[in-house]
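Going by this note's numbering, the letters in the sequence shown line up with residues -18 to 130, in that order.
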Amino acid sequence: MKESEIIKRYGLDILRSDGFKREKEYIQHGKVSVYEHSVAVAAMCVSIADELHLNVDMRALVRGALLHDYFLYDWHESGHAWHGFTHASRALLLASLDFRLGNAERDMISHHMFPLNRRAPRTREGVLLCAADKICALAETVCGRGEPQ
Ligand SMILES: [Fe+2]
Ligand SMILES: [Fe+2]
């Protein structure tokens, strides 16, 4: 099954929600919106898990990845100087208000900024998200695209 189909299978309610659609309004890196970034990170997580035959909770992996940057503001505007340090906590708070989260999703969202945020993820899904987020962020910053070429 393709990554996009797996994302729809486990995250369709998130993709269709008004809150998640708001991520289209905010730029993450380059010309890539937070929405595009989050979907690309979810696809990267699924792809790595598949390639490495990792035993993961695929539903949690998709949902945590989609919601990891659910902070819902433009971090380029003034007043967000501490964005790198604070947005994981805010994303967890807002995501937990709008969606039902399990332990793996909570771990993924709250620890995805490791090592900038000093607490490391405790779940396999959280470690995977940490890596996928950085790969996608690098690709977006260097290539201006949502996925590495
Ligand atoms: Fe983030
Ligand atoms: Fe991210």
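All C-beta atoms, glycine included, are put in the ideal place defined by N, C-alpha and C.
- With fewer than 16 neighbouring CB atoms inside 10 Å of its own CB, THR122 falls in the exposed class.
- Leaving aside the five residues that flank LYS(-11) on each side, the residues in its chain whose CB is nearer than 8 angstroms to its CB run, in chain order, LEU(-4).
- In the DSSP annotation of this structure, the continuous segment of the alpha helix (DSSP H) that includes HIS68 starts and ends at 64 to 79.
- By the beta-carbon neighbour count (other beta carbons within 10 angstroms, threshold 16), GLY107 is buried.
- A contact is defined here as three or more CB-CB pairs under 8 angstroms, and the segment 98 to 113 meets this definition with respect to the segment 24 to 41.
- By the Cβ rule, the segment 16 to 33 does not count as touching the segment 60 to 75, because fewer than three pairs are nearer than 8 angstroms.
- Between HIS49 and HIS93, the beta carbon gap of about 5 angstroms places them in contact (Cβ cut-off 8 angstroms).
- Restricted to the segment 12 to 58, the alpha helix (DSSP H) segments that are unbroken, complete and at least 4 residues in length are 15 to 32, 39 to 48, listed in chain order.
- The beta carbons of LEU47 and ALA23 sit closer together than 8 angstroms.
- Relative to ligand 1, MET89 has its C-beta separated by 7 angstroms or more from all heavy atoms.
- Residue pairing by DSSP leaves HIS61 without any beta bridge partner.
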